[in-house]
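Take a look at the structure below.
In the numbering used here, the protein residues as written are 633 to 1122.
This is how it looks when you write it as structure tokens:
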């Protein structure tokens, strides 16, 4: 990491440190904003002492980030149109990063201050959409091209349906527990338990399940939400010090060979499907000289892009041997080929087997661009873990007492946590960002309805308002900041 600053001008170092501070601040806030939800049930049910619960939640968040991979990180990054991503190492690219981070931090702090369980995932995604749309308006690009709408729809669907699933599944789990053990003490609230047995802690097995499921929620939260910070830091590094980070410089000769082979096989794939794709890709009609001076992605430039990439990689066994400008070119070519392959994969004329082959080629193409150095993962893990250990009290009270008209029972806490951990783990498998806040809040609400405890209208209304308003508010805020920054740069 020390090498990061070698040879950089003072203003570049300041910009880099400021940008990294922004991202790590976002993750720190994410820690005490979102992770309060992970420990809310164990603290409220007195399954663990507050400070111990928060400490271990921080540890498991830390481990979740370290072991979670980068699939969700790049799902978030690819919300931005590929033209912005391939030209991120420009003034406008940096304005984009600072604008979306400032908007996300402002909204997260505001909702935390008022104790509203708003989602950091919604916040970040709204901020990214805002700069994408603002960029389209500023550059007179159709709004349909300002954002990667297919990725936005996929992520939007996961964010909308996961809380609904949490509500239904948690309610069903509770009903199952009531049918299995209708007279069990797990159906008591902490206050009822104290009055009945003069004990403040849950029964042993209930306590064990509450603790394990809370740590599971913390772990999967780290593996999902932590990746968003990883993606943002990679955007920052590519934008400010592109020579060192546009490609994974630790890539082995074997991995470079795989990238080269994937490019050749991609060309063969398109030739094999010439009858279906020839017109869409303008096969045989364009040459390398046709590539525009300001590089942008166009399916009709696929053949010259493949030729240019192979020419850049010819004889390369180590990315360190590539000149910095050639590294940037290789990244641009790889991103564009991947973007075109993604679009081709959506065409109905291709059969399922061909689409599967294309998906495998895409993974090899992006192996050296979709990565994160260990120090980035560690820094995000540390920020999220430390953030977990402060600021949790405001949201715990909301989750435990203010969603339902009655306090939460042990069984309700277990049902909500098991559902939340399972839902986020499933989302991680498909590299989809989801909201811990909304899944858990919805899960608790689902158990309250299943238990016929009733819901507190005021709190539920605030949570729904935060859910509905977060996207438009952060879209407007980040778009406004990006517009101001762009005007200043102009």
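Idealized CB from N, CA, C, for every residue including glycine.
Are there three or more Cβ pairs, one per stretch, closer than 8 Å when the segment 872-883 is compared with the segment 1081-1094? no
Would you mind working out which of 644, 654, 714 and 686 sits nearest residue 734, comparing C-alpha positions? 654
Taking DSSP as the reference, what is the three-state secondary structure of residue 912? helix
Backbone secondary structure at residue 835 - three-state DSSP: In this structure, DSSP gives residue 835 a state outside helix and strand, which the three-state scheme calls coil.
With DSSP as the reference, label residue 639 as helix, strand or coil. coil
Leaving out five residues on either side along the sequence, give the residues of the same chain with a beta carbon under 6 Å from the beta carbon of residue 753. 1065 and 1067
Drop a sphere of 10 angstroms on the beta-carbon of residue 813, count the other beta-carbons inside from all chains shown, and report buried for 16 or more, exposed for fewer. exposed
Quick check on residue 770: does DSSP put it in helix, strand or coil? For residue 770, the secondary structure class from DSSP, reduced to helix, strand or coil, is helix.
Rounded to whole angstroms, what is the Cα-Cα separation between residue 1020 and residue 1009? Spanning the alpha carbons of residue 1020 and residue 1009 requires a straight line of approximately 16 Å.
To the nearest angstrom, report how far apart residue 713 and residue 781 are at their CA atoms. 9 Å
Quick check on DSSP: helix, strand or coil for residue 968? Helix.
Taking only the alpha-carbon atoms, compute the straight-line gap between residue 990 and residue 699 and give it to the nearest angstrom. 28 Å
Which of helix, strand or coil DSSP assigns to residue 880: coil
What is the DSSP secondary structure of residue 1063, counted as helix, strand or coil? coil
Please go through the same chain and pick out, in chain order, the residues whose beta-carbon is closer than 7 Å to the beta-carbon of residue 677, but skip the five residues on each side of it. 822, 834, 842, 1040, 1042 and 1045
What did DSSP end up calling residue 1113 once you bin it into helix, strand or coil? helix
The alpha helix (DSSP H) with residue 981 in it runs from where to where? Neither: residue 981 is in no alpha helix (DSSP H) and is coded neither H nor E.
Return the CA-CA distance between residue 675 and residue 681, expressed in angstroms with no decimal places. 6 Å
Residues near residue 670 by beta carbon distance below 7 Å, same chain, minus five either side: 689, 846, 849, 850, 853 and 1068
Contacting residues, own chain, Cβ-Cβ under 8 Å from residue 1104 (five flanking each side not counted): Closer than 8 Å at Cβ, skipping near neighbours: 758.
Distance, residue 836 Cα to residue 769 Cα: 59 Å
Would you tell me roughly how many angstroms separate the C-alpha atoms of residue 937 and residue 969, rounded to the nearest one? A straight-line Cα-Cα distance of about 7 Å links residue 937 and residue 969.
Reduced DSSP secondary structure (H/G/I, E/B, other) of residue 1147: It is not possible to answer for residue 1147, since the shown part of the chain is limited to 633 through 1122.
Rounded Cβ spacing between residue 702 and residue 1004 (contact assumed at less than 8 Å): 5 Å
Would you check if the segment 1073-1083 and the segment 791-805 touch, i.e. whether three or more CB-CB distances between them fall below 8 Å? Cβ pair count under 8 Å is three or more, so yes.
CA nearest to the CA of residue 946, picked from 881, 995, 778 and 885: 885
Could you tell me which of 931, 1113, 1073 and 1062 sits nearest to residue 789, measuring between CA atoms? Minimum Cα distance to residue 789 is reached at 1062.
So is residue 900 buried or exposed if we call it buried at 16+ other beta carbons inside 10 Å? exposed
Excluding the 5 residues preceding and the 5 following residue 828 in the sequence, name in chain order all residues of the same chain whose CB lies nearer than 7 Å to its CB. The beta carbon of residue 828 is closer than 7 Å to those of 820 in its chain, skipping five residues each way along the sequence.
Could you compute how far the alpha carbon of residue 1060 sits from the alpha carbon of residue 794? 12 Å
Residue range of the alpha helix (DSSP H) that includes residue 691: 682-699
Would the beta-carbon of residue 1013 be found less than 7 Å away from any heavy atom of the ligand ZN? With respect to the ligand ZN, the structure shown offers nothing to examine, as it has no ligands at all.
Between 1114, 644, 792 and 1107, which lies nearest to residue 869 when the distance is taken from Cα to Cα? It is 644 whose Cα lies nearest to the Cα of residue 869.
Measure the C-alpha to C-alpha separation of residue 1124 and residue 949 and round it to an integer number of angstroms. Nothing about residue 1124 can be reported from this structure: the residues present for the chain run from 633 to 1122 only.
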